[in-house]
Amino acid sequence: MLARANGNFNKTPCFEVDPQTCLAKSVAAFFKPFIDELDYLLSEDWWKRVWIVQEADVSPRVVFAYASERPPIPVWQRAYAWYKQHSAGCCRIHIPQMRHSLADTRLLNILAVCMERLDRVLSARAGVRSGEEVSLYRLRYNFNMQQATDRRDLIYGLLGLVNDWGSVAPITPDYSKATSPSVLACGVGDGGN
Numbered sequence: 001m002l003a004r005a006n007g008n009f010n011k012t013p014c015f016e017v018d019p020q021t022c023l024a025k026s027v028a029a030f031f032k033p034f035i036d037e038l039d040y041l042l043s044e045d046w047w048k049r050v051w052i053v054q055e056a057d058v059s060p061r062v063v064f065a066y067a068s069e070r071p072p073i074p075v076w077q078r079a080y081a082w083y084k085q086h087s088a089g090c091c092r093i094h095i096p097q098m099r100h101s102l103a104d105t106r107l108l109n110i111l112a113v114c115m116e117r118l119d120r121v122l123s124a125r126a127g128v129r130s131g132e133e134v135s136l137y138r139l140r141y142n143f144n145m146q147q148a149t150d151r152r153d154l155i156y157g158l159l160g161l162v163n164d165w166g167s168v169a170p171i172t173p174d175y176s177k178a179t180s181p182s183v184l185a186c187g188v189g190d191g192g193n
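Taking full-length UniProt numbering, the leading residue of the sequence shown gets 1, the next gets one more, and so forth.
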């Protein structure tokens, strides 16, 4: 979604580009409500909860609905691929300039956060669906920013995605146990990593 005007920016409709500097000067008016809705969606507590990861990755059909839009998973995947390609490659040096020139810096930051969060969830979903080996350690590492009211859910909320238990038996959720045994089992299950 971020790109230069020499073939990239001018193909990105969410930005209005200054033809002299080839930098985004603002988020196009049509897209502002959608980006504001993304911000609202991502600031909701439920989005930050660990259970959203399992819900999004195990469900056979997932639709992220916001504002008046209901784009399917492939749309989000293409948007992130576009964002990642340009932010890590051709447009990498222009992003700092954009942050200074763009009147709507907050909206640009919202897009970046949205893409990063969605990438974590969608990457985990792709791994689970393709049969890739997924360990609890890897999931905890990738989703360490997720929250839970009960700390045990930071582990239990990911168990449904684990298909690589290494040399130990799978962990079974047990809310009668304290948090420490669950955390210890998680560490032992991944060779103490």
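Glycine included, every Cβ here is placed at the ideal spot set by N, Cα and C.
Predicted model only: the values in this text are computed from it and were never measured.
Query raised in the report: How big is the Cα-Cα spacing for R138 and S123?
Result: On the sequence shown, residue 138 is found 138 positions in, with the first residue counted as 1. On the sequence shown, residue 123 is found 123 positions in, with the first residue counted as 1. Roughly 12 Å separates the two Cα atoms.
Query raised in the report: Are there 16 or more other CB atoms within 10 angstroms of the CB of Y40, so buried, or fewer, so exposed?
Result: Numbered from 1 along the sequence shown, position 40 holds the residue referred to as residue 40. It counts as exposed.
Query raised in the report: Could you check where the alpha helix (DSSP H) with F34 kicks off and where it finishes?
Result: Taking the first residue of the sequence shown as position 1, residue 34 is located at position 34. Counting along the chain, the alpha helix (DSSP H) containing F34 begins and ends at K32 to S43.
Query - For E16, the residue or residues it bridges with in DSSP - result: Walking along the sequence shown from the start, residue 16 turns up at place 16. Note: E16 sits in a beta bridge opposite S26.
Query - Contact belief for Q146 with V53 at Cβ below 8 Å, rounded distance in angstroms - result: What you label residue 146 is simply residue 146 of the sequence shown in a count that begins at 1. What you label residue 53 is simply residue 53 of the sequence shown in a count that begins at 1. So it is a contact: roughly 6 Å between Cβ atoms.
Requested in this report: Helix, strand or coil for E55, going by three-state DSSP, please let me know.
Outcome: Within the sequence shown, residue 55 is the residue found at index 55, counting from 1. The answer is helix: DSSP assigns E55 an H, G or I state.
Query raised in the report: Between R70 and the rest of its own chain, which residues show a CB-CB distance below 7 Å, the 5 nearest in sequence each way excluded?
Result: For the purposes of this step, residue 70 is taken as the residue at position 70 of the sequence shown. For R70, where only same-chain residues beyond five positions count, the Cβ hits under 7 Å are V63.
Query raised in the report: Anyone know if the C-beta pair for G127 and V134 falls short of 7 Å?
Result: If you number the sequence shown from 1, residue 127 lands on position 127. If you number the sequence shown from 1, residue 134 lands on position 134. Contact: yes.
Query raised in the report: Is the CB-CB distance between V75 and D153 below 7 Å?
Result: Working through the sequence shown from its first residue, we reach residue 75 at position 75. Working through the sequence shown from its first residue, we reach residue 153 at position 153. Contact flag unset, no.
**Report entry** Outcome for F15 when other beta-carbon atoms lying within 10 angstroms are tallied against a minimum of 16
**Finding:** To locate residue 15, count along the sequence shown from 1; it is residue 15. Buried is the label assigned to F15, since at least 16 other Cβ atoms lie within 10 Å of its Cβ.
Query - From S68, D36 and A29, residue whose alpha carbon lies closest to that of I110 - result: What you label residue 110 is simply residue 110 of the sequence shown in a count that begins at 1. The option with the nearest alpha carbon to I110 is D36.
Query raised in the report: Where does F143 land, buried or exposed, given buried means 16+ other C-beta within 10 angstroms?
Result: Position 143 of the sequence shown, counted from the start, is the residue given in the question as residue 143. With 16 or more other Cβ atoms within 10 Å, it is buried.
Query raised in the report: Of all the CB atoms in chain D, is at least one closer than 7 Å to the CB of V27?
Result: The chain inventory of the structure shown lacks chain D, comprising one protein chain alone.
Report task. Would you kindly check if the distance between the Cβ of L38 and the Cβ of C114 is under 7 Å? Result -> Within the sequence shown, residue 114 is the residue found at index 114, counting from 1. Within the sequence shown, residue 38 is the residue found at index 38, counting from 1. The answer is yes: Cβ separation under 7 Å.
Report task. Provide the residue span of the alpha helix (DSSP H) that contains N142, from first to last. Result -> Position 142 of the sequence shown holds residue 142. That run of the alpha helix (DSSP H) goes L136 to N142.
**Report entry** Cβ neighbours of Y80 in the same chain (closer than 8 Å, five flanking residues each side left out)
**Finding:** By 1-based counting over the sequence shown, the position of residue 80 is 80. Answer for Y80: M115, L118, D119 and L122, listed in chain order.
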